[in-house]
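*Asks:* Structure incoming, see below.
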Ligand SMILES: [Zn+2]
Ligand SMILES: [Zn+2]
Ligand SMILES: [Zn+2]
Ligand SMILES: [Zn+2]
Ligand SMILES: [Zn+2]
Ligand SMILES: [Zn+2]
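Protein chains in written order, with the working numbering: chain A, 11 to 243; chain B, 11 to 243; chain C, 11 to 243; chain D, 11 to 243; chain E, 11 to 243; chain F, 11 to 243.
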């Protein structure tokens with residue numbers, strides 16, 4: 011803890027003073043982050059660092075495996091973070107960010123390692139679909155490394171599917187007021203791959219092009235079409 | 011999302027290169043963080059920035075209200091993060107970090123604002139003890155601001171009590187292999203107050219003194235005493 | 011019950027004899043239905059009649075509101091029916107069939123009528139997203155009748171989203187071995203509208219054209235692309 | 011799906027026209043079914059066919075194993091269907107209908123076959139009492155076929171016991187406004203056996219005799235007796 | 011606590027010495043109680059005193075309202091006590107013992123008093139059937155006192171219905187190895203009324219007559235009949 | 011049941027008459043117990059006998075293993091008893107009373123014996139921390155007898171930790187209006203050991219000295235300190 015204590019002191023003495031006006035403004039006016047990022051608790055994946063975000067920019071929910079349980083009556087922390095971000099803060103983008111070499115995904119691929127961690131094993135049930143997909147739809151001869159990587163990538167898409175079951179998200183998608191994003195951070199190379207829903211694949215993000223989204227909201231035509239449909243009956 | 015996309019690019023192009031050796035080492039050898047920090051999803055409270063931590067140093071679980079549900083059969087993300095941090099990573103310190111001007115704590119104090127957010131309201135039941143304590147044990151004429159602050163501080167202690175109910179934590183406390191910490195970050199001033207279990211109060215951390223802990227493990231004498239006790243019967 | 015008793019007798023005496031060979035074969039060889047239909051318990055919506063199916067053709071799960079709870083650790087009857095249909099019976103199609111004048115959807119639109127039915131109210135939480143979508147994305151001046159109809163239609167799509175969170179379904183979608191369908195039965199006209207995922211709208215089914223699906227499995231290219239993607243790194 | 015699509019068309023073109031007046035009346039006036047039938051999702055057990063019921067006559071809840079979970083705070087689809095049928099529709103009879111060669115009951119007898127279906131295995135816990143009864147109270151040398159049949163029959167009685175724990179049912183039993191029925195459909199012979207609570211056995215239903223019930227409501231004398239009892243103290 | 015401390019001392023010094031041989035035998039050989047009593051936590055209803063039982067005679071589960079939740083997957087203390095008593099201890103009788111002037115039953119009749127006690131309110135959902143029965147089947151002009159008494163008595167029967175849903179109990183009833191009892195203790199008069207299942211009423215227990223039971227196990231004939239039934243097919 | 015029937019009669023005829031005035035007073039004025047005792051269902055551990063308490067003195071919650079589940083949204087009997095005792099009855103002391111030779115603690119140490127008792131196994135998860143503590147912090151060569159005893163003692167402390175998570179208890183501790191006690195009853199010797207939180211050990215209770223408590227409420231200074239702390243900022 012010595013490092014952390016020193017870090018607190020350094021932050022207070024050397025970092026905070028440069029941003030004190032911003033912190034005071036944020037304390038006075040409250041936060042207005044543009045996005046919610048749901049990422050892994052892994053110490054090597056620091057959301058604000060990867061995105062070079064400052065204070066007040068990113069609402070962050072982190073857990074082992076960047077998991078989003080499907081909406082249900084048994085409420086938990088991720089559901090609450092989503093609801094708060096969408097309803098109270100009005101975020102316009104939600105990012106599910108997975109990463110390479112994820113301990114949670116390794117656990118999924120090697121369930122025997124989870125025996126001494128029954129809670130982790132239970133939590134990872136929310137990622138079983140990703141594991142099933144890799145077992146059934148990927149080449150059987152994937153190496154262990156590639157298998158973990160494939161599970162981590164499919165897991166991002168599975169969690170995006172879960173995200174859509176949350177009423178607050180579903181409603182904003184219907185009015186095209188929110189977009190969902192799936193990102194994969196590669197620890198070794200520092201690169202971020204982005205899931206492009208239009209082509210159903212992860213691609214490398216390019217700064218000078220529009221960021222592809224995993225799930226876009228429905229455009230107005232859909233609603234119009236729907237009501238036309240109703241009127242026609 | 012433009013800023014985030016640009017941030018990713020900046021990170022990859024200008025930040026990662028300076029730390030590429032560290033990232034590669036972390037990718038190759040895995041993470042070995044010394045501490046688990048449980049903090050709020052609030053965009054103004056960035057764990058790695060406050061503690062000036064680099065990649066690989068801090069395992070981080072974030073949710074609305076820096077809440078730790080008591081251990082139970084209905085497993086969730088926080089329970090899993092704790093279990094993974096203690097059992098798989100062997101962290102020696104767990105920090106529950108609350109903060110000033112917390113939206114979740116304000117929600118507790120103003121339940122009518124939670125009506126459109128039923129999941130947040132349900133999640134905050136894990137903080138009701140903090141609210142009850144402030145209602146019953148604090149002066150009735152606390153200002154709204156002081157009330158939210160008092161609830162946020164008591165909430166840290168309540169979550170530390172919850173933390174002790176997790177078997178993995180309880181076992182490590184019994185062997186004196188883990189310590190629990192309660193921190194309060196003041197957004198406006200950039201200062202961190204630390205809960206000192208020995209005097210049951212938050213104090214200002216001082217770099218040149220040992221960091222006080224909220225809950226220390228039992229020392230050896232206790233175990234010895236216990237077995238003596240057993241032997242004597 | 012007099013009618014039902016008489017019906018049993020009529021079935022045994024006048025209907026069964028004509029199909030006895032089929033029933034005996036089904037008893038001997040077991041069922042091999044091609045599809046799972048999830049429909050409402052409503053007495054006016056008879057799955058086998060609407061689809062003119064005979065014994066052995068349709069595996070049927072019925073509940074109030076043709077609801078599919080999202081996959082979760084708290085297992086229930088619908089989750090089990092899905093898993094049994096996909097894993098044990100190998101069905102190739104799952105249909106979520108809603109209908110006009112649905113009492114459950116009316117309850118959603120008039121929550122005060124649910125006060126004496128707390129279990130129904132809790133169950134309908136799985137349809138809240140449909141209600142939220144209609145509130146936020148549909149014209150505010152929809153008539154009561156059109157509102158119930160819109161909620162019933164959106165509810166079908168919401169339940170299809172829930173269906174995708176079930177690992178057994180997700181895995182079969184990834185290998186393109188299953189398709190999901192959304193149907194809307196109009197009690198008054200006897201017509202069935204079918205949701206076409208390609209255009210995001212309900213259309214009238216036409217016998218001489220291929221039946222559009224709500225959700226198709228991923229084709230092989232996707233998997234190939236994915237593995238190529240992995241190989242490229 | 012070709013057959014189903016053709017069936018929809020046939021229904022609309024050739025069946026509906028004969029019943030269009032009834033369907034329109036039902037659409038206009040709503041449903042008023044006399045009974046709730048809880049039966050298996052099995053494709054060979056078609057409730058309306060077995061009972062020769064038409065549209066509007068039978069409110070139907072179907073799941074794997076015709077199971078009724080005991081009333082509890084964790085609400086589900088069957089509980090909701092019961093509550094809706096009793097409170098909103100005022101049904102006077104509830105039938106739990108099991109059947110021969112039931113895949114769910116076979117799963118109970120051969121738990122190893124449930125390993126790839128964890129949700130089904132969990133759901134069937136609601137039938138464990140039936141399995142325990144057969145293990146402890148039936149001859150040990152029952153053949154596999156007879157064992158499955160015995161479990162299916164005992165399961166019907168177990169689910170009737172569960173049905174009584176639902177407050178809406180218990181209250182109607184106390185005022186003698188509802189009766190509970192246990193039926194067993196034999197796929198091979200097309201016959202229905204009916205549980206007669208008075209003699210604790212399944213008997214063959216006979217059209218010219220009153221249908222025996224599994225559980226009758228309490229008669230008025232009981233209530234009188236009870237209040238006399240109270241008055242006497 | 012002074013009284014309790016003194017009581018411990020008195021027990022050790024003046025009571026235990028008289029029974030020390032029995033306590034030592036029980037410590038050496040373990041307990042073999044003949045019955046499980048489920049009674050209220052009320053301080054005025056002492057199970058061993060009412061039944062004049064000594065150490066080792068009565069396995070006792072006590073909670074607010076002598077409630078037995080129906081068997082379910084969400085396990086709790088009462089379910090465990092039942093399972094342990096039946097499976098590990100082999101008790102032959104289970105008694106659900108209610109009482110007059112019960113605070114929990116008063117809470118059911120006056121839900122507004124439960125507002126500051128949300129957990130008690132939730133727990134009492136397991137007794138709602140009793141309340142519904144009294145509302146629907148008892149005279150509307152019952153006095154408050156008689157209403158609480160009627161709810162307490164119906165509650166005993168409701169909990170007996172719940173008891174039958176526990177597989178361990180159901181199995182022992184099927185083999186006639188256990189009997190269920192419903193008792194009502196009147197604090198004011200010291201009398202115990204016993205529910206007689208044969209006449210569906212509470213009667214005064216008489217020492218010189220066989221104790222009536224609420225629910226007897228099935229006799230052998232039933233099983234015989236059942237198997238005959240099977241054989242006949 | 012013969013003995014119990016005789017016991018009821020003896021109580022009514024020979025015991026009650028001596029205390030009839032007290033019972034009538036208690037029936038008229040209600041109960042006002044000073045303490046809540048949470049003890050094991052074990053037939054050899056009779057709370058009122060051990061403490062020599064009379065009617066009206068001890069509110070008693072009993073279950074297998076004297077377990078207090080941590081506060082959570084899934085409410086149960088123990089949570090309700092605690093809430094009722096603290097909020098409705100205003101008890102000033104809560105005692106968790108474990109004992110020697112406890113079957114539940116033996117089950118924890120020998121999980122294979124719990125296979126036929128899945129509910130007991132699930133319930134005992136609330137005691138796993140005690141088992142983990144003994145595994146990790148006690149000598150590996152403890153005899154079976156000493157191990158069960160150590161688990162039973164640590165279990166008392168674990169349940170006290172759980173007790174603190176209940177908001178009603180936490181609030182009263184903050185105002186110093188309640189104290190928590192951990193007792194261990196030795197069946198063989200009739201002695202009660204008391205946990206002394208000040209020295210973290212069980213000691214023998216002595217009548218002529220103040221009873222040590224496991225957890226005392228916070229004194230006034232703490233609250234003062236806290237508000238001073240707030241004021242100083
Ligand atoms: Zn990870
Ligand atoms: Zn916060
Ligand atoms: Zn409907
Ligand atoms: Zn079946
Ligand atoms: Zn009571
Ligand atoms: Zn015990």
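Heads up, the beta-carbon is just placed ideally off N, CA and C, and yes, glycines get one too. In this text, all values refer to a predicted model and were calculated from it rather than measured experimentally.
Under 7 Å between beta-carbons, which chain B residues line up against residue 228 of chain A? List them in chain order, please.
*Replies:* Counting from 1 along the first chain, the entry for residue 228 of chain A is found at position 218. Those do not exist, as residue 228 of chain A stays about 19 Å from chain B at its closest Cβ, beyond 7 Å.
*Asks:* Give me the residue from B:81, B:58, B:80 with the minimum Cα distance to residue 70 of chain B.
*Replies:* Within the second chain, the letter at position 60 stands for residue 70 of chain B. The shortest Cα separation from residue 70 of chain B among B:81, B:58, B:80 belongs to B:58.
*Asks:* Is residue 117 of chain E close to ligand 5? I mean its beta-carbon at under 7 Å from any heavy atom of the ligand.
*Replies:* The residue labelled residue 117 of chain E in the question sits at position 107 within the fifth chain. False, no ligand heavy atom lies under 7 Å from that Cβ.
*Asks:* Chain A partners of residue 171 of chain C, CB-CB under 8 Å?
*Replies:* Indexing the third chain from 1 puts residue 171 of chain C at position 161. What residue 171 of chain C touches in chain A: 171, 174, 175, 180.
*Asks:* Using a Cβ-Cβ cut-off of less than 9 Å, list which residues of the region 58-71 of chain E approach chain F; keep chain order.
*Replies:* 58, 59, 60, 61, 62, 63, 64, 65, 66, 67, 68, 69, 70, 71
*Asks:* Considering only heavy atoms of ligand 6, list every residue whose Cβ is less than 6 Å from one of them, following chain order.
*Replies:* F:50, F:52, F:75, F:109, F:112, F:113, F:114
*Asks:* Quick check on residue 93 of chain C - is its C-beta less than 8 Å from some C-beta in chain A?
*Replies:* Looking up residue 93 of chain C in the third chain gives position 83. Answer no: the Cβ-Cβ gap between residue 93 of chain C and chain A never drops below 8 Å.
*Asks:* Per DSSP, residue 109 of chain D is paired with what?
*Replies:* Within the fourth chain, numbered from 1, the residue matching residue 109 of chain D stands at position 99. D:195.
*Asks:* Just the chain A side, please: which residues come within less than 7 Å of residue 143 of chain C by C-beta, in chain order?
*Replies:* Locating residue 143 of chain C in the third chain gives position 133, where the first residue counts as 1. Listed along the chain, the chain A residues whose CB falls inside 7 Å of the CB of residue 143 of chain C are 180, 181, 184.
*Asks:* Does the CB of residue 147 of chain E have a neighbour CB from chain D at under 8 Å?
*Replies:* Position 137 of the fifth chain, counted from the start, is the residue given in the question as residue 147 of chain E. Against chain D, the CB of residue 147 of chain E has a partner CB under 8 Å away; the residue lies at that interface.
*Asks:* Would residue 139 of chain D pass as an interface residue toward chain E - the criterion being a Cβ-Cβ separation below 8 Å?
*Replies:* Residue 139 of chain D sits at position 129 when you count from the first residue of the fourth chain. Yes, because at least one Cβ of chain E sits closer than 8 Å to the Cβ of residue 139 of chain D.
*Asks:* Step through the CB atoms of chain D and report whether any lies within less than 8 Å of the CB of residue 82 of chain E.
*Replies:* Within the fifth chain, residue 82 of chain E is the residue found at index 72, counting from 1. Closer than 8 Å: yes.
*Asks:* Since residue 248 of chain C sits in a beta bridge, which residues does DSSP pair it with?
*Replies:* Residue numbering for chain C in the displayed model covers 11 to 243; residue 248 of chain C lies beyond these limits and cannot be assessed.
*Asks:* Go ahead and pull the three-state DSSP assignment for residue 169 of chain F.
*Replies:* By 1-based counting over the sixth chain, the position of residue 169 of chain F is 159. In this structure, residue 169 of chain F counts as helix in the three-state DSSP scheme.
*Asks:* For residue 168 of chain F, return the contacting residues in chain B, with the cut-off set at a CB-CB distance below 7 Å.
*Replies:* Here the question's residue 168 of chain F lines up with position 158 in the sixth chain. Against chain B, a Cβ distance below 7 Å from residue 168 of chain F picks out 180.
*Asks:* Among residues of its own chain, excluding the 5 on either side of residue 212 of chain D, which ones have a beta-carbon nearer than 8 Å to its beta-carbon?
*Replies:* Residue mapping note: residue 212 of chain D aligns to position 202 of the fourth chain, counting from 1. Within the same chain, residue 212 of chain D has close Cβ partners 163, 192, 194, 203, 204, 205, 206.
*Asks:* Got a sec? Which residues, its chain only, sit under 8 Å from residue 63 of chain F by beta carbon, not counting five neighbours each side?
*Replies:* One-based indexing of the sixth chain puts residue 63 of chain F at position 53. Cβ neighbours of residue 63 of chain F beyond the five flanking positions: 57.
*Asks:* In the DSSP assignment, the alpha helix (DSSP H) including residue 151 of chain A goes from what residue to what residue?
*Replies:* Locating residue 151 of chain A in the first chain gives position 141, counting from the first residue. Counting along the chain, no alpha helix (DSSP H) covers residue 151 of chain A, and no H or E run does either.
*Asks:* Give me the subset of the region 108-120 of chain D whose CB atoms are less than 9 Å from a CB atom of chain C, sorted by chain position.
*Replies:* Cβ contacts with chain C: 110, 111, 113, 114, 117.
*Asks:* Use the C-beta contact count for residue 67 of chain B: other C-beta atoms within 10 angstroms, 16 or more gives buried, fewer gives exposed.
*Replies:* Here residue 67 of chain B refers to the residue found at position 57 when the second chain is read from its first residue. Counting Cβ neighbours within 10 Å, residue 67 of chain B comes out buried, since at least 16 surround it.
*Asks:* Does chain D have any CB closer than 8 Å to the CB of residue 27 of chain E?
*Replies:* In the fifth chain, counting from the first residue as 1, residue 27 of chain E sits at position 17. It does not; no Cβ of chain D falls within 8 Å.
*Asks:* DSSP three-state label for residue 21 of chain E, please.
*Replies:* In the fifth chain, residue 21 of chain E corresponds to position 11, counting from 1. Helix at residue 21 of chain E.
*Asks:* When DSSP labels each residue in this structure, what does residue 213 of chain B get in the three-state scheme?
*Replies:* If you number the second chain from 1, residue 213 of chain B lands on position 203. In this structure, residue 213 of chain B counts as strand in the three-state DSSP scheme.
*Asks:* Counting only the same chain and skipping the five closest in sequence on each side, list residues whose C-beta sits under 8 Å from that of residue 51 of chain A.
*Replies:* Counting from one through the first chain, the residue named residue 51 of chain A turns up at place 41. Only 72, 73, 74 meet the Cβ criterion.
*Asks:* Measure how close the beta-carbons of residue 180 of chain D and residue 168 of chain E come, nearest whole angstrom, since I'm counting them as under 8 Å.
*Replies:* For the purposes of this step, residue 180 of chain D is taken as the residue at position 170 of the fourth chain. For the purposes of this step, residue 168 of chain E is taken as the residue at position 158 of the fifth chain. With 8 Å as the limit, residue 180 of chain D and residue 168 of chain E qualify as a contact, their Cβ atoms being about 7 Å apart.
*Asks:* Kindly list the residues whose CB is nearer than 6 Å to the CB of residue 81 of chain B, restricted to its own chain and excluding five residues on each side of it in sequence; keep chain order.
*Replies:* As a working note, residue 81 of chain B is residue 71 in the second chain. Once the five neighbours on either side are set aside, the close Cβ partners of residue 81 of chain B are 175, 176.
*Asks:* Quick one, which residues of the region 190-207 of chain C are near chain D if we go by CB-CB under 7 Å, in chain order?
*Replies:* 197, 198, 200, 201, 202
*Asks:* For a contact defined as C-beta to C-beta under 7 Å, what are the partners of residue 162 of chain D on chain G?
*Replies:* Among the protein chains of the structure shown, namely A, B, C, D, E and F, there is no chain G.
*Asks:* Return the Cβ separation of residue 19 of chain D and residue 217 of chain C in integer angstroms, given the expectation that the two are a contact with Cβ distance under 8 Å.
*Replies:* Taking the fourth chain and counting its residues from 1, the one referred to as residue 19 of chain D is at position 9. Taking the third chain and counting its residues from 1, the one referred to as residue 217 of chain C is at position 207. Going by Cβ atoms, the distance from residue 19 of chain D to residue 217 of chain C rounds to 4 Å, so yes, they are a contact pair.
*Asks:* For chain A, find out if any of its Cβ atoms is closer than 8 Å to the Cβ of residue 154 of chain B; answer yes or no.
*Replies:* Start at 1 with the first residue of the second chain, and residue 154 of chain B comes out as number 144. It does not: the Cβ of residue 154 of chain B has no partner Cβ on chain A nearer than 8 Å.
*Asks:* Where do the N-terminal and C-terminal ends of the alpha helix (DSSP H) with residue 29 of chain C fall, by residue?
*Replies:* By one-based count along the third chain, residue 29 of chain C stands at place 19. That run of the alpha helix (DSSP H) goes 26-39.
*Asks:* Name the DSSP bridge partner or partners of residue 205 of chain B?
*Replies:* Residue mapping note: residue 205 of chain B aligns to position 195 of the second chain, counting from 1. Among the bridge pairs identified by DSSP, residue 205 of chain B is matched with B:212.
*Asks:* Comparing C-alpha positions only, which one of F:188, F:34, F:47, F:23 sits nearest to residue 14 of chain E?
*Replies:* To locate residue 14 of chain E, count along the fifth chain from 1; it is residue 4. The candidate whose alpha carbon is nearest that of residue 14 of chain E is F:47.
*Asks:* Taking the beta carbon of residue 151 of chain E as the centre, do at least 16 other beta carbons fall within 10 Å, making it buried, or is it exposed?
*Replies:* Working through the fifth chain from its first residue, we reach residue 151 of chain E at position 141. The residue is exposed, with fewer than 16 neighbouring Cβ atoms inside 10 Å.
*Asks:* To the nearest angstrom, report how far apart residue 24 of chain D and residue 53 of chain D are at their CA atoms.
*Replies:* Reading the fourth chain from its first residue, position 14 is the one you call residue 24 of chain D. Reading the fourth chain from its first residue, position 43 is the one you call residue 53 of chain D. Approximately 23 Å, taken between the alpha carbons.
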